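Participant:
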Amino acid sequence: MTGSTTPSGHSPSPQHPHPTSVVRLGIPGGPEVTHRDVAANGARFHIAELGDGPLVLLLHGFPQFWWTWRHQLVALADAGFRAVAMDLRGVGGSDRTPRGYDPAGLALDITGVVRSLGEPDAALVGHDLGGYLAWTAAAMRPKLVRRLAVSSMPHPRRWRSAMLGDVRQSRAGSYIWGFQRPWVPERQLTADDGALVGRLLHDWSGPRLLDDEAVTAYRRAMCIPSTAHCSVEPYRWLVRSLARPDGIQFYRRMKRPVRVPTLHLHGSLDPVMRTRSAAGSGQYVEAPYRWRLFDGLGHFPHEEDPVAFSTELINWLKDPEPDR
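Quick note on this note's numbering: the sequence shown kicks off at 8 and runs consecutively.
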């Protein structure tokens with residue numbers, strides 16, 4: 008993408024960008040995306056939509072928003088799917104509410120969006136935090152989840168055991184421990200027009216780095232007021248709830264096996280979530296489970312090699328009997 012296509016024609020990094028000017032982007036060289044808001048679970052969520060057919064709902068991770076799925080939106084629409092990428096609560100063009108950032112509540116946001124879109128169910132595709140929530144929704148609301156595809160994130164119970172029991176994984180995910188400090192992470196994420204976001208994207212990628220305009224878009228989105236705070240709140244819950252009754256109850260609920268066909272995608276060079284940590288998630292799935300490791304890719308395989316990622320995803324979605 009060239010400089011002339013910088014989101015909405017604004018300067019690359021204003022101090023306090025307006026959400027609409029930042030998140031309602033087009034896909035360079037691609038078809039026009041439909042942007043709209045839908046109501047679910049007591050909040051308003053921004054979605055970007057393309058194509059017709061069975062619903063595939065795409066869930067972004069940290070530190071991104073719906074635009075991380077721009078390549079897959081086009082590929083899925085071309086393959087005959089209704090592709091919808093949503094901004095999670097507190098991010099992008101969605102509402103920034105004071106509460107509601109626990110995974111069970113965020114999973115209700117997702118299934119509520121499925122209902123608001125008028126569909127009986129959806130194939131959920133989640134990356135990073137979006138993957139964590141996709142696992143959660145599939146376990147807690149299985150009737151609304153047709154299939155599950157997760158990238159760069161183990162099952163929540165596997166995540167918990169790895170973070171607490173594996174020193175190397177705990178070190179790899181040290182940013183989550185850093186998020187527990189009050190207000191410091193928010194200031195760090197927005198300082199110098201979101202410069203830390205750019206460093207994280209660089210450090211977490213493999214050799215195929217994200218392009219400059221993508222980094223600019225994510226930096227701008229993080230600088231929307233209250234976004235940094237809302238972005239770290241789910242991670243605060245994950246750590247602070249470990250010994251609280253609500254956290255204990257959540258992980259007990261996550262003992263329920265996932266009973267929908269599951270595709271698990273991971274980059275071999277992911278420095279944030281070790282392959283060893285992610286690979287043990289199949290034990291929580293009582294359905295066809297397919298593990299695919301992308302050699303030479305980091306934490307963002309869907310952006311680092313969008314063609315390979317989209318091909319794997321679409322072939323699996325179209326497979327009537329996905330194997331193990």
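Note that the Cβ used here is the ideal one computed from N, Cα and C, for glycine as well.
Model, not experiment: these values are computed from the prediction.
1) Which of the three DSSP states is assigned to M280 in this structure?
2) Roughly how many whole angstroms lie between the Cα atoms of L113 and G205?
3) So, with DSSP's three-state summary, where would you put H273?
4) Short check: CB of P105 to CB of L245, under 9 Å?
5) Do you know how far the Cα of V174 is from the Cα of L57?
6) Can you tell me whether H209 is buried or exposed? The criterion is at least 16 other CB atoms within 10 Å of its CB, across all chains shown.
7) Hey, how far is the Cα of P295 from the Cα of H67?
8) DSSP puts Y296 in a beta bridge; with which residues?
9) Can you tell me the Cα-Cα spacing of Y182 and L83, whole angstroms?
10) Write down the C-beta distance between L320 and E311 rounded to the nearest angstrom, noting that I regard them as a contact closer than 8 Å.
11) In the DSSP assignment, find the unbroken alpha helix (DSSP H) run with F316 in it and report its ends.
12) Could you please give me the residues that DSSP links to F301 through a beta bridge?
13) Give the secondary structure of M229 by DSSP, where H, G and I count as helix, E and B as strand, and everything else as coil.
14) On the DSSP bridge assignment, give the partners of I54 in chain order.
15) Among the candidates A129, G97 and F69, whose CA atom is the shortest distance from the CA of T269?
16) With a 10 Å radius around its C-beta and 16 neighbouring C-beta atoms as the bar for buried, classify P35 as buried or exposed.
17) Among all the DSSP beta bridges, which residues are the ones paired with V63?
18) So the candidates are G107, L136 and R89; which of them puts its Cα closest to the Cα of G125?
19) Near R122, what residues of its chain come up, given a Cβ to Cβ distance below 8 Å and the 5 sequence neighbours on each side ignored?
20) Would you tell me roughly how many angstroms separate the C-alpha atoms of F69 and R297, rounded to the nearest one?
21) Entirely within the stretch 92 to 172 and at least 4 residues each: give me those alpha helix (DSSP H) ranges in chain order.
22) Look at the alpha carbon of L80 and the alpha carbon of W184, and state the distance between them as a whole number of angstroms.
Facilitator: In short, the structure shows the following:
1) To locate residue 280, count along the sequence shown from 1; it is residue 273. DSSP places M280 in coil when its eight states are reduced to three.
2) The residue labelled residue 113 in the question sits at position 106 within the sequence shown. The residue labelled residue 205 in the question sits at position 198 within the sequence shown. Going from the Cα of L113 to the Cα of G205 covers about 26 Å.
3) Within the sequence shown, residue 273 is the residue found at index 266, counting from 1. The answer is strand: DSSP assigns H273 an E or B state.
4) One-based indexing of the sequence shown puts residue 105 at position 98. One-based indexing of the sequence shown puts residue 245 at position 238. In this structure, L245 does not lie closer than 9 Å to P105 by Cβ.
5) Sequence index remark: in the sequence shown, residue 57 carries index 50 (1-based). Sequence index remark: in the sequence shown, residue 174 carries index 167 (1-based). For L57 and V174, the distance between alpha carbons rounds to 42 Å.
6) In the sequence shown, the residue the question calls residue 209 occupies position 202. Exposed is the call here.
7) In the sequence shown, the residue the question calls residue 295 occupies position 288. In the sequence shown, the residue the question calls residue 67 occupies position 60. The alpha-carbon atoms of P295 and H67 are separated by roughly 24 Å.
8) Here residue 296 refers to the residue found at position 289 when the sequence shown is read from its first residue. Looking at the DSSP assignment, Y296 forms a beta bridge with T269.
9) Walking along the sequence shown from the start, residue 182 turns up at place 175. Walking along the sequence shown from the start, residue 83 turns up at place 76. So the two alpha carbons sit approximately 33 Å from each other.
10) Residue 320 sits at position 313 when you count from the first residue of the sequence shown. Residue 311 sits at position 304 when you count from the first residue of the sequence shown. At roughly 14 Å, the Cβ-Cβ gap does not stay under 8 Å, so L320 and E311 are not in contact.
11) Counted from its first residue, the sequence shown places residue 316 at position 309. Segment P313 to K325, the alpha helix (DSSP H) holding F316.
12) On the sequence shown, position 294 is the one that residue 301 refers to. Partner(s): G274.
13) Walking along the sequence shown from the start, residue 229 turns up at place 222. Reduced to three states, the DSSP call for M229 is helix.
14) Taking the first residue of the sequence shown as 1, we reach residue 54 at position 47. Looking at the DSSP assignment, I54 forms a beta bridge with R43 and M93.
15) The sequence position of residue 269 within the sequence shown is 262, counting from 1. The shortest Cα separation from T269 among A129, G97 and F69 belongs to A129.
16) Taking the sequence shown and counting its residues from 1, the one referred to as residue 35 is at position 28. Result: exposed.
17) Within the sequence shown, residue 63 is the residue found at index 56, counting from 1. As computed with DSSP, V63 is found in a beta bridge with A90 and A130.
18) Looking up residue 125 in the sequence shown gives position 118. Ranked by Cα distance from G125, the options G107, L136 and R89 are led by R89.
19) As a working note, residue 122 is residue 115 in the sequence shown. Here the set comprises A47 and L151.
20) Counting from one through the sequence shown, the residue named residue 69 turns up at place 62. Counting from one through the sequence shown, the residue named residue 297 turns up at place 290. Near 24 Å, if we compare the C-alpha coordinates of R297 and F69.
21) 110 to 123, 136 to 147 and 163 to 172
22) The residue given as residue 80 occupies position 73 in the sequence shown. The residue given as residue 184 occupies position 177 in the sequence shown. Each residue's Cα considered, the two are about 33 Å apart.
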